[in-house]
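Inspection log for the structure reproduced underneath, given as structure tokens.
2 protein chains.
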Amino acid sequence: MNRTRTSIVDIARAAGVSKSTVSLVLQGSPLVNDKTREKVSGLIDELGYVYNRGAANLRQARSKIVGIVVNDLTNSFFAELAVGMDLVVQSAGYVQFLAHSGESVDRQRQVIASMRENGIAGLILSPARGTEANDIKSLADSGIPVVVVVRNLPGAKVSTLLSDNYAGAKAAIRHLIGLGHRRIAFMGGFVDTAVFSDRVRGYRDALVEAGIPLNDNFIIHSAPSRAGGVAAVERMMLFAERPTAALCLNDAVAFGVCDGLRSNNIEPGKGFGIIGFDDVIEAKTAVPALTTVSVDPQGMGQRAAQLLLKQINAGQIDQESIVTSVRLVVRQSCGAPVKQPEEMA
Amino acid sequence: MNRTRTSIVDIARAAGVSKSTVSLVLQGSPLVNDKTREKVSGLIDELGYVYNRGAANLRQARSKIVGIVVNDLTNSFFAELAVGMDLVVQSAGYVQFLAHSGESVDRQRQVIASMRENGIAGLILSPARGTEANDIKSLADSGIPVVVVVRNLPGAKVSTLLSDNYAGAKAAIRHLIGLGHRRIAFMGGFVDTAVFSDRVRGYRDALVEAGIPLNDNFIIHSAPSRAGGVAAVERMMLFAERPTAALCLNDAVAFGVCDGLRSNNIEPGKGFGIIGFDDVIEAKTAVPALTTVSVDPQGMGQRAAQLLLKQINAGQIDQESIVTSVRLVVRQSCGAPVKQPEEMA
DNA sequence: TGACTAATTTGGAACGTTCCAATTAAAGTT
DNA sequence: AACTTTAATTGGAACGTTCCAAATTAGTCA
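So the sequences go chain by chain: A and B.
Numbers 1 to 345, taken from the UniProt record's numbering, label the letters of the first sequence in order.
Numbers 1 to 345, taken from the UniProt record's numbering, label the letters of the second sequence in order.
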């Protein structure tokens with residue numbers, strides 16, 4: 001009910017010591033006598049004192065806040081990524097500004113500026129589509145560590161943490177080929193992201209490696225969402241010669257593809273092989289369980305946060321680029337071996 | 001590259017005015033002469049000055065930070081809720097600490113303490129299971145507005161924003177009854193949450209209202225997740241006399257129920273009617289599209305944030321309890337009218 | 001021009017911490 | 001007892017802002 005919160009000097013007065021001593025107690029210094037420490041700590045809970053980290057930051061210039069900006073929280077991949085970051089950030093005694101840019105560069109710029117004003121010690125950014133290196137230049141220039149995750153940001157001289165999209169896509173396609181598929185589509189995504197182009201590159205290279213001719217119609221663009229997957233299938237159904245399997249840009253698209261196939265009375269995993277990308281939690285429990293390239297979003301979030309904290313503590317920032325490896329998790333959605341895919345059109 | 005960030009006095013010196021004038025310019029005061037304002041603003045971008053909101057807070061005691069604690073970000077319902085909050089918080093010029101408690105009261109306590117030290121102006125809490133009124137008492141006592149959402153927190157004298165779970169469940173069951181169903185299950189959830197008990201109450205009341213005898217076996221507990229839905233179906237399949245439809249605790253469970261039915265070769269929406277709760281974005285595009293009680297999570301997040309901001313600005317907090325109305329969205333998963341449900345066991 | 005009002009500008013205290021240099025108290029050592 | 005170490009404690013400046021009362025400058029009117 002007090003108008004003004006109780007401060008360090010209030011408890012100093014109450015304990016009959018100086019504010020410096022109280023400060024020492026607060027930071028657990030061994031310099032202070034056990035008896036005074038005890039008395040002070042007692043008063044601290046008794047008076048309901050709460051530490052003012054803002055004031056401390058003002059003096060020390062190093063805050064315990066990290067900023068996290070994610071392009072789409074409603075996509076479970078990014079939600080899990082955020083949860084992974086949250087985990088390590090919190091247990092390191094930091095607290096996070098977490099914002100959602102909704103793929104808007106403007107909004108992203110705004111929140112980064114606002115975070116900066118609030119004195120973040122570092123930033124983890126999963127950039128919105130269309131982000132330029134310039135958007136984080138001034139941040140990086142002022143010595144605040146930045147880690148870019150998931151999507152590449154060419155030209156930015158900051159650390160990045162990406163998954164091995166190329167290898168993952170290649171492994172997925174090889175698996176489908178091994179099952180006997182020859183007409184394989186790539187579904188979902190638009191050309192303007194590195195994630196898309198890397199995965200498509202893996203898709204293409206695996207096909208040529210197996211001597212299968214490329215068919216550009218089989219790369220079916222759509223929104224990288226569940227709804228996008230449904231749309232892609234609609235498009236595919238119009239083809240005279242249809243694919244027998246597809247690698248999807250991500251799990252969300254893959255689930256959409258399952259939905260779309262069902263409305264066309266094709267059973268996913270039996271009449272058509274599907275592989276997703278990311279390995280979101282639902283991938284395991286879905287029916288059919290989704291074969292997918294596991295990126296381990298939560299683990300990736302953890303690694304990103306660890307990388308950032310390392311740089312914050314190190315003081316100087318040496319730019320690091322990590323590509324996390326990825327593995328194909330075979331479940332039901334890619335189906336049993338297909339004997340004569342030529343006859344399935 | 002400067003060791004120390006440039007401050008208000010740096011640009012004051014450069015512009016040949018006092019720091020007070022610069023401060024005035026910063027807050028857009030009409031007191032300052034246009035010419036000096038112009039000069040000062042010029043120097044501000046030129047020297048790359050960034051406002052230190054922490055220092056300002058120290059002086060003013062009212063920050064532009066709100067805390068948001070959510071029990072499970074990986075559940076799309078809560079992710080969307082968070083996005084809704086983010087939207088209004090950001091456009092009001094605030095920035096948010098967003099944390100994920102993962103249903104752990106300990107962790108929740110920690111992050112709330114940490115947020116408090118960082119000087120949040122208010123808190124929105126979607127409490128972890130097992131949270132007690134006491135956990136936010138000291139916060140509320142110190143005059144910081146708190147809004148509790150989604151889950152009730154009995155005994156806490158703070159504002160709450162809940163959806164009308166009772167009415168929603170009742171409407172859903174009435175609809176199923178109208179389609180001819182008589183043996184209707186309730187799937188998912190555990191007894192310790194108000195959300196669960198309210199929805200079950202609606203379920204029960206609607207059944208007795210229609211003169212249908214209650215069967216407690218038909219309330220099938222499980223984790224409130226997709227995996228939980230699958231598990232609930234497994235349990236149901238063992239019944240001698242099976243339900244013909246189910247209301248699910250939430251959409252995640254409902255999707256799981258669809259999965260579970262499919263692995264038992266029952267087509268969701270045809271052989272078995274399913275109604276979800278929440279209306280997550282995927283509900284619309286799923287196949288079959290999910291009939292569900294729409295809670296509009298994003299809208300709810302927005303309302304919660306607006307409520308909080310109102311209280312922050314008002315200065316004094318008058319406790320408000322809002323129950324947002326809810327509506328049944330009929331799509332495909334509850335199926336066509338069932339003629340003779342007695343013969344479907 | 002002088003007096004008065006309106007428009008601008010400005011020192012300095014204050015917010016709650018940390019840190020440094022300096023002081024005081026306690027404990028050993030001859 | 002006089003000194004040296006070691007242990008504990010302490011003022012006060014500093015961090016970057018806001019706010020107030022007061023000072024300065026410009027403008028207006030007789």
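Glycine included, every Cβ here is placed at the ideal spot set by N, Cα and C.
- At least one beta carbon of chain B lies nearer than 9 Å to the beta carbon of THR285/A.
- The beta carbon of VAL230/A falls within 9 Å of a beta carbon belonging to chain B, placing the residue at that interface.
- Annotation: the continuous alpha helix (DSSP H) that includes THR21/B extends over 19-26.
- Proximity of chain A to GLU80/B at the Cβ level (cut-off 9 Å) is accounted for by LEU73 and THR74, in chain order.
- Not a single CB atom of chain B sits nearer than 9 Å to the CB of SER23/A.
- In summary, GLU282/A is buried, with 16 or more beta-carbon neighbours lying within 10 Å of its beta-carbon over all protein chains present.
- In the DSSP assignment, VAL149/A is bridged to LEU161/A.
- One thing to note: GLY122/A has its Cβ no nearer than 9 Å to the Cβ of GLY299/A.
- The CB of GLN96/B comes closer than 9 Å to the CB of PHE97, LEU98 and ALA99 in chain A, given here in chain order.
- Leaving aside the five residues that flank THR193/B on each side, the residues in its chain whose CB is nearer than 8 Å to its CB run, in chain order, ARG129 and ARG151.
- Among the CB atoms of chain B, none fall inside 9 Å of the CB of ALA121/A.
- Secondary structure note for ASP278/B: its beta strand (DSSP E) is the uninterrupted segment 273-278.
- It is roughly 15 Å from the alpha-carbon of VAL147/A to the alpha-carbon of GLN108/A.
- Apart from sequence neighbours up to five positions away, the residues of its chain that approach ASP205/B with a beta-carbon distance below 7 Å are LYS170, ordered along the chain.
- The beta carbons of CYS248/B and GLY273/B sit about 11 Å from each other, so the pair does not count as a contact at 8 Å.
- DSSP places SER29/A outside any alpha helix (DSSP H), giving it a letter other than H or E.
- The Cβ-Cβ distance between GLY256/A and ALA210/A does not fall below 9 Å.
- Per DSSP, the beta bridge partners of LEU125/A are VAL69/A and VAL148/A.
- Checking the DSSP bridge columns, you'll see PRO268/B partnered with PHE272/B.
- By DSSP's assignment, ILE220/A forms a beta bridge with MET187/A.
- Inclusion of VAL200/A and PHE186/A in the CB contact set at 9 Å is warranted, their separation being smaller than that value.
- Chain B has no Cβ within less than 9 Å of the Cβ of ARG109/A.
- Nearest to PHE218/A by alpha-carbon distance, out of LYS137/A, GLN110/A, ARG182/A and ALA289/A, is ARG182/A.
- From the beta-carbon of TYR51/B, the residues of chain A found nearer than 7 Å are GLU117.
- Only residues of its own chain outside the window of five on either side were considered, and among them LEU26 have a CB closer than 7 Å to the CB of TYR51/A, listed in chain order.
- Scanning LEU161/A, ARG13/A and GLY189/A for the CA closest to the CA of ALA305/A turns up LEU161/A.
- The beta carbon of LEU179/A sits no closer than 9 Å to any beta carbon of chain B.
- The C-beta of GLY54/A has 16 or more other C-beta atoms within 10 Å across all chains shown, which makes the residue buried.
- Bounds of the alpha helix (DSSP H) holding THR285/A are 282-285.
- Annotation: ARG59/A to VAL287/B spans about 57 Å, alpha carbon to alpha carbon.
- Interface residue (Cβ-Cβ distance to chain B less than 9 Å): GLY42/A is not classified as such.
- Look at ALA92/A: its C-beta is not under 9 Å from any C-beta on chain B.
- In this chain, VAL295/B is not harboured by any beta strand (DSSP E), its DSSP state being neither H nor E.
- Proximity of chain A to GLY269/B at the Cβ level (cut-off 7 Å) is not reached, the minimal Cβ distance being about 11 Å.
- Per DSSP, the beta-bridge partners of CYS248/A are MET187/A.
- DSSP places SER91/B in the helix class (H, G or I) of the three-state scheme.
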